[in-house]
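Novice:
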Amino acid sequence: MSNKKLAAETPISFKGFREQVLEDYRLLSLSRECSILGRREVMTGKAKFGIFGDGKELPQLILSKFFKDGDFRSGYYRDQTILMEQGHLTPQHIFSALYAHPDLEIEPMSGGRQMGGHFVTESNEPNGAWKNLTKQKNHSSDISPTAGQVPRLVGLAQASKVYRALKIKGSERFSNKGNEIAWGTIGNASTSEGLFLEAMNAAGVMQIPMIMSVWDDDYGISVHNDEQTTKGSISKALEGMQRTDTELGIEILTVKGWDYTALIDTYQYAEKLARNEHVPVLIHVEELTQPQGHSTSGSHQRYKSDARLTWEKENDCNLKMRDWILSNGIANEEELVAIEDNNKKIARQAKVDAWKAYQDPILEHRTDLVKLIEKATQATNNDTNFQMIRSELINVAEPTYKDLLHAARKGLRILTQYEHPVKNEIRTWKDSLTEQLNPKFSSHLYSQSDDRLENIESVSAQYAEKEEWVDGRIIIRDNFDALLESNDKLLLFGEDVGKIGDVNQGLEGMQAKYGATRVADTGIREATIMGQGIGMALRGLRPIAEIQYLDYILYCLPTLSDDLASYHYRTVGKQAVPLIIRTRGHRLEGIWHSGSPMGGIVNLLRGINIAVPRNMTQAAGMYNTLLEANEPAIVVESLNGYRLKERKPTNLGQFKVPLGKIEILKEGTDITLVSYGSTLRMVEAVAKELLYFDIDAEVIDIQTLLPFDLEQGIQKSIAKTNRVLIIDEDVPGGAGAYILQQLIDVQDVFPMLDSKPQTLSAKPHRPAYGSDGDYFSKPSEDDIFEKVYAIMHESNPEASPKI
Ligand SMILES: Cc1ncc(C[n+]2csc(CCOP(=O)(O)OP(=O)(O)O)c2C)c(N)n1
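Have a look at this one:
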């Protein structure tokens, strides 16, 4: 560990030393007061859960001093003092988040969607246009899973490297020549997660400007460092990554979290190194405390010894700062008490204001509802049910919208026994409030801005008169070539993507043509590959990150599900992450090269568009569409399609396949066969064979599982055929069940059916290797034929006699 001679060269330019120190202390003390009062709000039952930044205020304040406009943070739920120092977070915001205020104006971090302590800043105008990120201090959106923030940090830092290396049109809104730092924060215990270790290794390899601060308070809830980390210390455990005079690596620094001047020196040194030289830095901030324990869900007296608790009291960073001020004669006791007393008042007032802002609209709605319930009481000759509803409503001390709507809906159930105009009045009241509130809780899963996917106009593929048939991979490759040429923000990266141009050579020659920054190899580390994509997309680039095989997507599922898929929803659209994930899957050979876990993907990744193109032309057209929109997506190319011949379009890079639109591959009248991806080729072959048996099947390519058939084309087909079979190579109850749910619940096809709707899927185990393994594991042409035939036999045994 180096702990080189730290800074001290240029003393930090404080306006007036004393004023600055007191201003710093004022903020530490205010942040602490909010934590103390916040915890009390949970204990008294006004808020559900509280997690605060107490015990970490001082290092956060110092970090924030070196955080410049254009920089980004990817941190976690302790970072309130950083946000307060930068003016992003007021005491009232803290309390509004505790109460889960559903109004984004009042609770700007997530409009009550996230627990308190999860922060974000705004990157977009409401219409989706980028703000100038170099003119503000940026915070990517925090998540609760420990270390979930770290993969994204790698991408945020990598963006600076890209902006320094390349001249990109319009980059002034995102970067000043790559001088931005990505600031990471994490708790000591969370460094045990694989995501953290994977990301630190990636940062050391990539040499990117990220500064990772570890707030070390010795515990992860109740589990001590000795059980968390080799040698009980993350800086010691990572010593092998320390850079040397001859080898690149990570600069590893340690500092006591209560030491004001040492913290300044350390962060000043780290900032210079990262900003100027793009060296990644780990700052292990030790000897921090948790004055109120981990969170409101339990007290730390249960697992900390008396000696430890006493040590924490004596080494509290705020207290140490206070002692330092007094012992250096910077201020006297009275002055500090005055600051503290004033902060208590500020915090108390903020709490009162936040509660009032939260409760007032609910109370107003309650007044209206109580009037309606009283009217209903009269209308029903004092039905005792209404008397009870009224008394429950007016007696609840701190009503929620749930209390109100529950009362109204209960009342409506009782009114089914009566005929009176008040029924309509209550229904209208309930519908109007529900309509007003629904978007507060359920909007923005996908983009709602001007450049959302559904606004992108489709463009047909065009073909030369003289037909040119090529391998599918040539279409993919030449399409990427056209995209790389026309879009200087586009970057492609992943395992074996650079030098050899991906394992199926869909990027053959592209690195040589466009350079190793734009077409890049990565280490084998799927989660940080996704993190690179998320972080760079947040900084205005257009990454296409590759997962080599669909089966390996499981290694990055936490990052995709927790972070990417929920991103737009949890920020209520304040930040968009238009990351495109390229992968290949389905039918090839064996347990880890032919999987189709589409049901899992579709269910865990709501918030990401999921495209399953049947061939490389469709895939190329989907990439072309996605690059014009601001939404994340996964494109699953069909593994056995790269060497199949396709007719080459002339307008590569320009034709656009719409997402959410089905395609009818063969018209028919007897039964609708719904499928996607590689399986479609078999379905098409079977449909041809069925014609010999006088069965005329309609074949539909879904094309995208999310969004799903927006124009309800499948319903139109079923209205004609009155029968449907869904063919899918996922496990039983996987994607097939999802498709059936869409048809029954959303497209309402049940009344149109003359036969039971059915699914044909693979076996529940992973597919066995080899041709026979495939034949016995996945639906074969024979299986498809027999299943269709059985449905037709059941409906008309004479026309289709038993096989
Ligand atoms: C993936 C995951 N596992 C478990 C948890 C539950 N959990 C929340 S915080 C925490 C301890 C974290 O300790 P540390 O990283 O030291 O941070 P601190 O809270 O002490 O600042 C745990 C186990 C979680 N949020 N995410």
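When you number the sequence shown by our numbering, it's gap-free, plus one each residue, and the end is 813.
The beta carbon of each residue, even a glycine, is placed where N, CA and C say it ideally should be.
Three-state secondary structure (DSSP) at Phe503?
Specialist: If DSSP states are grouped into helix, strand and coil, Phe503 belongs with the strands.
Novice: For Asn198, is the beta carbon positioned less than 7 Å from some heavy atom of ligand 1?
Specialist: Yes - ligand 1 has a heavy atom lying nearer than 7 Å to the Cβ of Asn198.
Novice: Drop a sphere of 10 angstroms on the beta-carbon of Trp479, count the other beta-carbons inside from all chains shown, and report buried for 16 or more, exposed for fewer.
Specialist: When all chains shown are included, Trp479 counts as exposed.
Novice: Let me make sure I understand the geometry here. Which of Gly138, Arg183 and Lys58 has the alpha-carbon closest to that of Gln124?
Specialist: Nearest option by C-alpha distance: Lys58.
Novice: Determine the direct distance from the alpha carbon of Leu494 to that of Ile486, and round the result to whole angstroms.
Specialist: When rounded, the distance between both Cα atoms is 12 Å.
Novice: DSSP three-state call for Gly339: helix, strand or coil?
Specialist: It is coil, neither helix nor strand.
Novice: Per DSSP, which one or two residues make a beta bridge with Asn148?
Specialist: According to DSSP, Asn148 bridges with Phe82.
Novice: Candidates Thr593, Cys566 and Leu560: which alpha carbon is nearest Ile601's?
Specialist: Selected option, being the one with the closest Cα: Leu560.
Novice: Under 7 Å from any heavy atom of ligand 2, does the C-beta of Ile231 make it?
Specialist: This structure does not include ligand 2; its bound ligands are ligand 1.
Novice: Using beta-carbon positions only, say whether His603 and Glu739 come within less than 8 Å of one another.
Specialist: Contact flag unset, no.
Novice: In three-state terms, what does DSSP make of Gly482?
Specialist: Residue state, collapsed to three classes: helix.
Novice: So, using beta-carbon positions, are Ala169 and Met546 closer together than 8 Å?
Specialist: Result yes, Cβ atoms of Ala169 and Met546 sit closer than 8 Å.
Novice: Which ranges would you report for the alpha helix (DSSP H) in the stretch 254 to 301 if only whole runs of at least 4 residues count?
Specialist: For the stretch 254 to 301, whole alpha helix (DSSP H) runs of length 4 or above, ordered along the chain, are 270 to 287.
Novice: In this structure, how does DSSP classify Asn465 when only helix, strand and coil are distinguished?
Specialist: In this structure, Asn465 counts as helix in the three-state DSSP scheme.
Novice: Verify whether the separation of the beta carbon atoms of Thr660 and Ala474 is less than 8 Å.
Specialist: Contact: yes.
Novice: Counting only runs of 4+ residues fully inside the stretch 127 to 198, write out the alpha helix (DSSP H) ranges in chain order.
Specialist: If we require 4 residues or more, the alpha helix (DSSP H) runs fully inside the stretch 127 to 198 come out as 160 to 175.
Novice: Is the beta carbon of Arg88 within less than 7 Å of some heavy atom of ligand 1?
Specialist: Yes, ligand 1 has a heavy atom inside 7 Å of this Cβ.
Novice: What number of angstroms, rounded off, separates the C-alpha of Leu8 from the C-alpha of Gly60?
Specialist: What is shown of the chain runs 11 to 813, which leaves residue 8 out entirely.
Novice: Measure how close the beta-carbons of Ile436 and Leu382 come, nearest whole angstrom, since I'm counting them as under 8 Å.
Specialist: About 5 Å; that satisfies the 8 Å criterion.
Novice: To the nearest angstrom, report how far apart Glu808 and Ile724 are at their CA atoms.
Specialist: Rounded to whole angstroms, Glu808 to Ile724 spans 28 Å at the Cα level.
Novice: With a threshold of 7 Å, establish whether the CB of Ser154 neighbours any heavy atom of ligand 1.
Specialist: Under cutoff, so the answer is yes.
Novice: By how many angstroms is the C-alpha of Leu614 removed from the C-alpha of Leu346?
Specialist: Those two C-alpha atoms are separated by around 51 Å.
Novice: Any chance the CB of Trp439 is under 7 Å from a heavy atom of ligand 1?
Specialist: Flag unset: Cβ of Trp439 not near ligand 1.
Novice: I think Met802 touches Asp680, with their Cβ atoms under 8 Å apart; what is that distance to the nearest whole Å?
Specialist: Indeed they touch by this definition, with Cβ atoms about 7 Å apart.
Novice: Can you give the Cα-Cα distance for Leu701 and Thr769, rounded to whole angstroms?
Specialist: Each residue's Cα considered, the two are about 21 Å apart.
Novice: By DSSP's criteria, His234 is part of a beta bridge. Which residues make up the other side?
Specialist: Answer is Tyr229.
Novice: Taking the Cβ atom as the reference point for each residue, do Ser810 and Phe703 lie within a distance shorter than 8 Å?
Specialist: Contact flag set, yes.
Novice: Any heavy atom of ligand 1 within a distance shorter than 7 Å of the CB on Trp321?
Specialist: No, the Cβ of Trp321 stays beyond 7 Å of every heavy atom of ligand 1.
Novice: Measuring from the CB of Asp227, is there a heavy atom of ligand 1 at a distance below 7 Å?
Specialist: Yes, the beta carbon of Asp227 sits closer than 7 Å to at least one heavy atom of ligand 1.
Novice: Does the Cβ of His234 lie closer than 7 Å to at least one heavy atom of ligand 1?
Specialist: His234 Cβ: outside cutoff for every heavy atom of ligand 1.
Novice: Any heavy atom of ligand 1 within a distance shorter than 7 Å of the CB on His304?
Specialist: His304 Cβ: within cutoff of ligand 1.
Novice: Measuring only the C-alpha atoms, how far is Asn640 from Val130?
Specialist: Cα to Cα, Asn640 sits roughly 18 Å from Val130.
Novice: What whole-angstrom Cβ distance do Val587 and Gly121 have, given they're in contact under 8 Å?
Specialist: Wrong, their Cβ atoms sit about 18 Å apart, outside the cutoff.
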